[in-house]
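Residue numbers (this note's numbering): -16 to 249.
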């Protein structure tokens, strides 16, 4: 069973994090905004990161989708809104396709429907580093920050210093995170996603190196009833760089879905 934290009351919203990232990444910004808006917010950790189970890999995308489905079934309060970032978005869109009765809507941050050669190579490299022994180097930390954030964040000395200290003191390592990184090398899923019949919203970040807007646009174009938002100046972790802007888009979309209104975005 996936570990989870729950806050608030109301219509449930399940938050699924990126690869090799704990669900607590949502706690500073997204959880308070959603709870204040009257939602019950459930933050989950994918398999492979404690305190969730960490079975021996490799993991299949179907495995983590089944984990998310079990979590919603265990809540006994579905269908739920599902918000995912990166790997979490891959899981959310697959869940909407495979188990639509569990999904009220899906918000997909930094998503894509396929993986090209560069991003397959990146997934392999990140997995190999997660399995490697020894301390993380400054070069590795700097490169990782450049993959996650846009130039405004990278130009903020205090924020960069804090992130560098965090990544050096608490490096992402072990077989579980490695298996999660490998999951991000998804095959072409556009045909599957075309069968989704739940309202979805793709939020793309203009300077995202891991899931560029062009890849997110493919998801938007293939899913019926799918909204689109592209936010300028942000990298892959745009939901941490400009949380107020991202939260506003999420809340606007969820309110539309709950009111039964047609999508206004996209």
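Where is the CB? At the ideal position from N, CA and C, for every residue including glycine.
Pull up the distance between the alpha-carbon of residue 21 and that of residue 234, whole angstroms please. 10 Å
Open item on the list: DSSP three-state label for residue 247, please.
Closed with: No answer about residue 247 holds up, because its pLDDT of 44 lies below 50 and its placement is not dependable.
Beta-carbon gap between residue 191 and residue 219 smaller than 9 Å: yes
Practice task
Compare the beta carbon distance of residue 217 and residue 80 with 9 Å and say whether it is the shorter of the two.
Solution key: no
(request) Give the DSSP-derived three-state secondary structure of residue 230 in the structure shown. (result) helix
>> I'd like to know whether the C-beta atoms of residue 61 and residue -5 end up nearer to each other than 9 Å.
In response: yes
Open item on the list: Going residue by residue through the region 118 to 202, where are the continuous beta strand (DSSP E) segments of at least 3 residues, counting only ones entirely within it?
Closed with: 183 to 188
Practice problem: Below 8 Å on the Cβ atoms is my guess for residue 83 versus residue 173; work out the distance and round it to an integer in Å. | Solution: No, residue 83 and residue 173 are not in contact; Cβ-Cβ is about 18 Å, not under 8 Å.
| Would you call the region 27 to 45 and the region 96 to 106 in contact, with 3 or more CB pairs under 8 Å? | no
My assumption, with CB atoms under 8 Å, is that residue 15 sits in contact with residue 6. Please give the rounded CB distance.
About 15 Å; that fails the 8 Å criterion.
In whole angstroms, what is the alpha-carbon distance linking residue 248 and residue 184? For residue 248, the predicted structure reports a pLDDT of 41, less than 50, and the residue's modelled location is therefore unreliable. The matter cannot be settled from this model.
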